[in-house]
Structure formats: C-alpha cells, structure tokens
Amino acid sequence: MGENVKFVIGSRESQLAMVQTTHVLNILKDLNPDISFSILGMTTLGDNVLDVALSKIGSKSLFTKELEVALYEKSVDLVVHSLKDMPTTLPPGMTIGAILEREDPRDAVVMKAKWKGKRLQDLPDGSVIGTSSVRRSAQLKKTFPTFQFKDVRGNLNTRLRKLDDENGPYDALLLAYAGLHRLGWDDRVSEVLNPDTLLHAVGQGALGIECRDDDEAVLDLLKVIDHPETRFRCTAERAFMKELEGGCSVPLGVWTNILSEKTQLNLEIRGSVTSLDGTIQFVGAESGSVSDLASLHEAEDLGKRLARNLVAQGADKILDELKAARS
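Each residue of the sequence shown is one higher than the one before, starting from 0 at the first, in numbering that gives the first Met the number 0.
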C-alpha cells in the first residue's frame with residue numbers, strides 16, 4: 000500500500016466496545032506501522048432501548064445494524080463486534096474478515112458486596128439474580144428454581160452500579176467473563192461457571208471483524224490476525240444457531256473444544272435448548288475429526304448435526320412456542 004493510507008474502524012461507544020476496538024487497532028498498527036487507523040464510535044438500537052428486555056425487542060441485529068449501515072455507506076472500512084452480537088446471516092456484501100483469538104467464553108457471577116466471595120449455590124432462596132440473557136436465566140432456573148431472575152440492562156458500568164446500590168434489588172449479576180476481564184475487573188468476579196452448570200452463548204468471548212466482501216485491501220489486513228482455531232469453533236457454534244434459527248433472544252447454550260490426539264484434531268460441540276421457565280431442557284453433543292482448521296465446512300456440518308440432534312429430541316417445540324409468542 001502507498002503512503003497516507005487510512006482506515007476507519009467502526010465501534011459501539013460503550014467503554015467495553017471501545018477497549019475491544021482499541022485492542023484491534025493496536026494489533027493492526029503494530030503489524031502495519033505505515034498505515035493510519037482511527038475509530039468512529041456510534042450507538043445502536045440495543046444501546047438506546049434500555050427499558051425493554053432484549054428478548055422482547057425482537058431484532059437479531061440489535062447491536063450491529065447501525066455499524067453495518069456505516070460500513071455499507073463506506074464511512075467506516077471495518078467494524079469490531081463482540082461475535083455473540085452478530086447475526087448468523089450477514090447483510091449482502093458483508094463478511095467476517097477475521098475472528099480474533101478467543102478469551103475465556105464462560106459466564107461469571109458478580110456478587111453484591113454482602114455476598115462477596117460466595118458462590119451461587121451459597122445464596123439463600125429468593126435471591127434476585129440480574130441478567131439480560133434468556134439463555135442464562137432459563138438454564139439456571141433448572142438448577143436454582145428458588146432464585147428470582149430479573150432483567151438488567153445497560154452497559155457493564157451501569158449494571159454494576161445497579162448491583163452496588165445498597166437499596167437495589169440484585170444479589171448478583173450474571174455477565175460474560177471476557178468483558179469483565181478486558182476491562183480489568185477480574186476482582187469483581189466471585190465465580191466462573193463451568194459448562195456443566197451453564198453453557199455459554201454462541202461466539203461468546205470472541206471478537207469478529209466485519210468488512211465489505213469486495214474490499215481486498217481490508218481483507219488482506221485482516222487475514223493476518225484471524226485465529227484459525229477460534230474461527231473453526233465459532234463456525235460450528237454459529238452453524239448450530241443458524242440451523243435452529245436462533246439469536247441472542249433464544250435460550251441456546253453451547254460449548255466447543257478442539258482436542259489434539261497425536262496427528263489428529265477432533266472438535267467436540269455440546270449444545271442445549273431450554274424452555275424459558277427452565278423446566279424442559281434438551282441437551283446433545285457431537286464430535287468429529289478435523290482434517291484442517293481451514294475446512295470450515297466440517298465445522299458447519301458438526302454444528303448442523305448437533306442442531307438436528309436436538310430437534311429430533313423435541314427442541315423445535317420450544318423454539319416454535321417462542322416464535323409464536325413474539326408474533
């Protein structure tokens with residue numbers, strides 16, 4: 000590339016989004032010191048509508064649409080997303096140019112000060128757990144039926160302020176560990192929930208960088224920072240969700256792992272669909288050998304197979320009821 004080349008990176012304006020986007024900018028700058036990079040922040044529908052539960056807003060692009068419009072209009076050249084916010088079907092002309100190496104994808108428990116150091120199982124009956132995710136509340140209602148799960152919206156700073164309010168209703172919050180870690184708030188974490196307790200969201204912990212699919216200059220920049228194992232795992236997860244026609248407002252949980260045995264790689268994927276009240280849950284698992292981490296069709300096939308496994312068990316009935324309730 001010639002001199003004076005500049006690229007604009009789109010980002011949501013929340014503190015976490017800006018930290019994540021700045022992280023990407025610094026990686027790109029280190030690899031391309033002769034290129035200029037800047038950040039353009041903007042708000043999305045999901046940032047603006049804070050008085051309605053995410054599951055009731057109904058859009059699969061709550062945190063991405065405005066950024067994608069800017070990408071289409073060429074006011075930005077690439078966009079940094081939390082991959083879990085990205086719909087499985089992108090707008091025409093858009094692609095995921097890179098998926099960065101994943102942080103720990105598990106969910107974390109942040110306790111009110113009086114419960115600091117406790118675990119969920121230590122809380123008394125009737126404790127109020129704050130979460131904006133039907134996935135988290137549905138799965139944990141099955142394990143902790145005496146808890147109350149109450150919606151909590153806003154960015155991480157806002158949610159933590161609501162938790163720390165002595166007169167506030169919340170005894171604990173459920174949050175993605177990756178976000179807390181990226182902000183340097185590990186000291187707030189009382190417990191990280193293992194997959195036997197709570198399966199995480201599709202793509203959780205990973206950053207996806209979206210760009211125009213015909214922008215060869217940006218695609219060349221991004222392919223260097225793509226992390227093949229993370230992309231492979233997340234491709235399987237996203238195929239699982241797409242086959243079930245799910246999104247962030249559907250109680251789907253997932254867990255993936257790549258195991259290396261001598262010269263052979265194997266992908267394991269676990270998934271669940273849970274009724275909103277936690278009384279019914281369908282769980283399945285699939286595994287298969289991986290010939291090459293670049294063979295993304297193998298990841299897609301495993302994700303689809305898992306989805307069909309759950310549908311065969313009856314999971315489609317839960318999903319159909321959710322769709323009917325929103326129509």
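For every residue, glycine included, the Cβ atom is placed at its ideal position computed from N, Cα and C.
As the structure is a prediction and not an experimental result, all values here were calculated from the model.
- Residue pairing of THR273 in beta bridges, as defined by DSSP: GLN280.
- Between the beta-carbon of LEU198 and that of ARG152 there is about 23 Å, and that puts the pair past the 8 Å contact cut.
- Per the coordinates, the alpha-carbon of ASN25 lies some 11 Å from the alpha-carbon of ILE38.
- Of the candidates PRO168, GLY116, ALA311, ASN154, PRO168 places its Cα closest to the Cα of GLY129.
- Apart from sequence neighbours up to five positions away, the residues of its chain that approach THR273 with a beta-carbon distance below 6 Å are ALA137, GLN138, PRO250, GLN280, ordered along the chain.
- Restricting attention to alpha helix (DSSP H) runs no shorter than 4 residues, the region 111-188 encloses them at 133-142, 155-163, 176-181, ordered along the chain.
- The residue from LYS73, GLY96, GLY92 with its alpha-carbon nearest to that of HIS80 is GLY96.
- Looking at the DSSP output, SER286 sits in a beta bridge with GLU267.
- With fewer than 16 neighbouring CB atoms inside 10 Å of its own CB, THR88 falls in the exposed class.
- In the three-state reduction of the DSSP assignment, THR229 falls in the helix class.
- If you draw a straight line from the Cα of LEU66 to the Cα of LEU77, it comes to about 9 Å.
- For the pair LEU119 and VAL108, the CB atoms are nearer than the 9 Å cut-off.
- Nearest to GLU297 by C-alpha distance, out of ILE257, LYS322, VAL282, is ILE257.
- Three or more beta-carbon pairs separated by less than 8 Å are not found between the region 185-199 and the region 4-15, which leaves the two stretches without contact.
- In the structure shown, the three-state DSSP call for ARG237 is helix.
- At a Cβ-Cβ threshold of 9 Å, THR145 and ASP124 count as neighbours.
- The DSSP-derived three-state label of ILE317 is helix.
- Secondary structure of ILE224 (DSSP, three-state): coil.
- Counting only the Cα atoms, ARG232 lies some 6 Å from THR255.
- Taking ALA16 as the centre and dropping the five residues before and after it, the same chain places the C-beta of SER10 closer than 6 Å to its C-beta, in chain order.
- Residues of the same chain with a CB within less than 7 Å of the CB of LEU321, apart from the 5 flanking positions on each side, are VAL249 in chain order.
- If the five residues before and after CYS210 are omitted, its C-beta is found closer than 6 Å to the C-beta atoms of LEU77, GLY96, VAL217, all from its own chain and listed in chain order.
- Approximately 11 Å separates the beta-carbon atoms of SER290 and ASN265; this is outside 8 Å, ruling out the contact.
- One alpha carbon belongs to VAL191, the other to ASP212, and they sit about 37 Å apart.
- Around the beta carbon of SER259, fewer than 16 other beta carbons sit within 10 angstroms, so the residue counts as exposed.
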